[in-house]
Amino acid sequence: MGKWRKRIRVGCLSMLVLFIVLTQVVSGCVSFSMSDKEVEEYFEEEPNKPVSKFYDVDGYTMHYMYQDMDKEGSLVFIHGTPGSWDAFISYFKSDTLIERANIVSPDRPGFGKSSYGKPIKSLKEQSRLLKPMLEAIPAPRILIGHSLGGPIVARMAMDYPELVDGIIMLAPALDPALEPNEDWFRIPMRWPVIGAIAPKIFRISNEELVFLDEELEYMLPLWKDITIPSVVVQGAKDKLVHPGNAAFADSMLVSAPKDIVFLEESNHFLPWNKGALIRRKIVEMLNQIKSDSLR
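According to the numbering used here, the sequence shown holds residues 51 to 345 in order.
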């Protein structure tokens, strides 16, 4: 028995060391936010440039980028975890979109310039912190969320139906029963010793994901309250979010006109490898909402 205990301890220690090494390597190779200079250079030749907007909610600073196209509608892109507003930066340069609507993308709470390093585990609280942004932009408002951004746009539609006119969820994590059990590394990552070693961006993300199944459970009785046009796009080859979330959304959006798009050959990274499809779905929804408003 003592020999097996020793093997288990050695195995756990080896996994922990490997995890720390991998996070350090990934942290050094991947950037989740562009610098101000990089953003300026990206839009250097563009006649319409997005501008930074800031506001405070009970002392918590929030930031979003706003491209004012002097249009009636607004498209709001919500990134996943980890990430920042510029996950959707290419959509700010899309002629298909900017000729029809204003483009908006926030840094979610705890990321980018939105009180960086102070993550918010509660999806309801994230929704509340994002509400003033919606109030400041022209309607109709379509919210597009990727990955963890998916349940957040759904939560905003549940909490503030008067401010949300349509939602599009890309590879969204929605079903609490489909959330993977990752406690073996997510809980230790909250320990001070491990937290001091792990890259900060992953510690921030971990604070959201370790509680996500609970947060999704809180949303279960609220799905019936969503009555606005809703689109879900999910890839069958998604290794980060279970493809079964598409069927879950189909079963829960009982009061909403919905479109469930299941892509057999696609993975998790839909905003970047399925841009044409996403733009088409956005335009279809925007046209439908505006048409319905004239009736």
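Glycine included, C-beta positions come from ideal geometry on N, C-alpha and C.
Quick one: is residue i buried, meaning 16 or more other Cβ sit within 10 Å of its Cβ, or exposed?
i, result
"LYS331", "buried"
"ASP342", "exposed"
"LYS287", "exposed"
"SER83", "buried"
"GLU229", "buried"
"ASP136", "buried"
"ASN231", "exposed"
"LEU290", "exposed"
"PRO242", "exposed"
"ALA223", "buried"
"GLU258", "buried"
"ARG253", "buried"
"GLY109", "exposed"
"SER301", "exposed"
In the structure shown, what three-state DSSP assignment does residue i receive?
i, result
"LYS103", "strand"
"SER64", "At SER64 the pLDDT is 47, less than 50, meaning the model places this residue with poor confidence; the figure from the coordinates comes in the next sentence. Helix, per DSSP."
"THR111", "strand"
"GLY162", "coil"
"VAL75", "With a pLDDT of only 38 at VAL75, under 50, the local geometry of the prediction cannot be trusted, and the value read off the model is given with reservation. Helix, per DSSP."
"PRO293", "coil"
"LYS287", "coil"
"PRO156", "strand"
"ASP118", "coil"
"SER81", "Any reading at SER81 needs caution, since the residue's pLDDT is 41, under 50, leaving its predicted position unreliable; the model's value is listed next. Here SER81 sits in coil by DSSP."
"ILE310", "strand"
"VAL304", "coil"
"SER140", "helix"
"TRP273", "helix"
"PHE69", "Bear in mind that the predicted position of PHE69 carries a pLDDT of just 48, short of 50, making it too unreliable to give a figure here."
Could you give the C-beta distance for residue i and residue j, rounded to a whole number, given that I count them as a contact under 8 Å?
i, j, result
"ASP225", "LEU266", "7 Å"
"THR146", "VAL333", "6 Å"
"LYS103", "TYR114", "5 Å"
"HIS129", "PHE142", "Their Cβ separation, rounded to whole angstroms, is 13 Å, which puts HIS129 and PHE142 out of contact at 8 Å."
"PRO159", "GLN176", "5 Å"
"MET208", "ASP263", "The Cβ separation is near 18 Å, so there is no contact."
"MET335", "GLY216", "5 Å"
"GLY195", "LYS250", "Not quite, the Cβ-Cβ distance comes to about 24 Å (not below 8 Å), so this is no contact."
Pick out whichever of the options has its Cα sitting closest to the Cα of residue i.
i, options, result
"LYS340", "ARG150, LEU184 and LYS308", "ARG150"
"ALA221", "ASN256, VAL203, ALA186 and ASN295", "ASN295"
"MET269", "ILE192, ILE328, ARG158 and ALA227", "ALA227"
"GLU122", "ILE128, ARG191 and LEU173", "ARG191"
"ILE278", "VAL214, PRO156 and PRO230", "VAL214"
"SER140", "VAL89, PRO271 and ARG236", "VAL89"
"PRO271", "PRO238, GLU258 and SER305", "SER305"
"GLU96", "ARG253, ASP120, ILE148 and ARG329", "ILE148"
"ASP118", "SER172, ALA326, ILE187 and GLY133", "ILE187"
"VAL283", "ASN98, ASN323 and SER165", "ASN323"
"LEU320", "GLU94, GLY162 and PRO293", "PRO293"
"GLY133", "ASN256, ARG329 and LEU313", "ASN256"
"TYR105", "GLU314, PRO182, LEU173 and ASP120", "PRO182"
"GLU314", "GLU212, GLY285 and ALA326", "GLY285"
"TRP273", "ALA299, PHE252 and HIS318", "ALA299"
"LEU193", "PHE127, LEU344 and ASP120", "PHE127"
"ARG240", "SER197, PRO169, SER85 and TYR210", "PRO169"
"SER124", "LYS163, ARG205, ASN152 and MET219", "ASN152"
"PRO211", "GLU185, SER197 and MET219", "GLU185"
"PHE161", "THR131, SER172 and ALA326", "THR131"
Name the two residues that bound the continuous alpha helix (DSSP H) containing residue i.
i, result
"ASN337", "325 to 343"
"ASP263", "262 to 269"
"ARG178", "173 to 186"
"ILE251", "250 to 259"
"PRO201", "199 to 209"
"GLU91", "86 to 92"
"ILE148", "145 to 148"
Taking the beta strand (DSSP E) that residue i belongs to, which residues open and close that run?
i, result
"ARG191", "191 to 196"
"GLY130", "It is not in any beta strand (DSSP E) - GLY130 carries neither H nor E in the DSSP assignment."
"GLY216", "216 to 220"
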